[in-house]
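Take the sequence shown: its letter number 63 is residue 63 in UniProt numbering, and every next letter is one higher.
Encoded as structure tokens, the structure appears first; notes follow it.
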Amino acid sequence: MANILIAVTGSIASYKSADLVSSLKKQGHDITVLMTEAAREFIQPLTLQVLSQNPVHLDVMQEPYPDQVNHIERGKETDLFIVVPATANTIAKLAHGFADNMVTSTALALPDHVKKLVAPAMNTKMYDHPATQANLKTLETYGYQIISPKESLLACGDYGKGALADLNTILERIKETLDEQTL
């Protein structure tokens, strides 16, 4: 089975990452979770630690092993990196090479062979904004595959495209991506 690195960012959809971690773990994958500070406002790291059966990595400056650089080692050990949910802020940081938290630092240090997925979740206006669309196109040039959000009633009360893709859609894209890697 695969080593999957799941990056959780600060969206109301962050709570859905628990189901993703649980489902992938039940399939036999080794799951490691990274979180931004904003994600911690929506879901507790302990939840994801229990479900993944691995420590959750929160702080790029925390180095639990003196002989390793944590954000570098995480990337070396992964087959697939997925940001779910991916906020407009994190998408912009990834597109422009920012490395100011555990998620973005690890992403920037990923080896070339690692498959990368991004599942956006945000308000429709934020998703449709030309800056976000340009950032997503930039990520595609870096080898990221985008899992499009769905059209739905959003947490803010607006209706439109921006809701995190359904769990089954995300799981299917992960499976397809991992299957491509083994061909």
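Glycine is no exception: its CB is placed at the ideal position from the N, C-alpha and C atoms.
- Item | Of the residues Y159, L110, L24 and Q62, the one placed nearest G143, counting alpha carbons only | By 1-based counting over the sequence shown, the position of residue 143 is 143. When only C-alpha atoms are compared, the closest one is L110.
- Cβ pair count under 8 Å reaching 3, the stretch 31-49 against the stretch 127-136: Taking 8 Å as the limit for Cβ pairs, the verdict is that the stretch 127-136 does not touch the stretch 31-49.
- Item | E37 in three-state terms, based on DSSP | Taking the sequence shown and counting its residues from 1, the one referred to as residue 37 is at position 37. Three-state result, E37: coil.
- Message: If you reduce the DSSP assignment to three classes, tell me which class V114 lands in.
- Response: Here the question's residue 114 lines up with position 114 in the sequence shown. Coil.
- Helix, strand or coil at A2 [DSSP, three-state]: As a first step, residue 2 is located in the sequence shown; it is residue number 2 there, counting from the start. Looking at A2 - three-state DSSP - the assignment turns out to be coil, as it is neither helix nor strand.
- Query: Whose C-beta lies closer than 7 Å to the C-beta of A165 among residues of the same chain, with five residues either side of it excluded?
  - Reply: Taking the sequence shown and counting its residues from 1, one reaches residue 165 at position 165. Around A165: A119, I147, S148, P149 and K150.
- Given a cut-off of 8 Å, decide if I43 and A18 are closer than it, judged by their beta-carbon atoms. Translated into positions along the sequence shown, residue 18 becomes position 18. Translated into positions along the sequence shown, residue 43 becomes position 43. Result yes, Cβ atoms of A18 and I43 sit closer than 8 Å.
- Can you find at least 3 beta carbon pairs, one from the stretch 72-86 and one from the stretch 94-106, that sit closer than 8 Å? Three or more beta-carbon pairs drawn from the stretch 72-86 and the stretch 94-106 are found closer than 8 Å, and the two stretches are therefore classed as touching.
- Between the Cα of D59 and those of T78, Q53, L20 and A39, spot the shortest distance and give me the residue it belongs to. Here the question's residue 59 lines up with position 59 in the sequence shown. Among T78, Q53, L20 and A39, the Cα nearest to that of D59 belongs to A39.
- Message: Can you find the residues in the same chain that come closer than 6 Å, C-beta to C-beta, to V114, ignoring five residues on each side of it along the sequence?
- Response: For the purposes of this step, residue 114 is identified with residue 114 of the sequence shown, where counting begins at 1. Cβ neighbours of V114 beyond the five flanking positions: T78 and F81.
- Query: Three-state secondary structure (DSSP) at H71?
  - Reply: On the sequence shown, position 71 is the one that residue 71 refers to. Helix.
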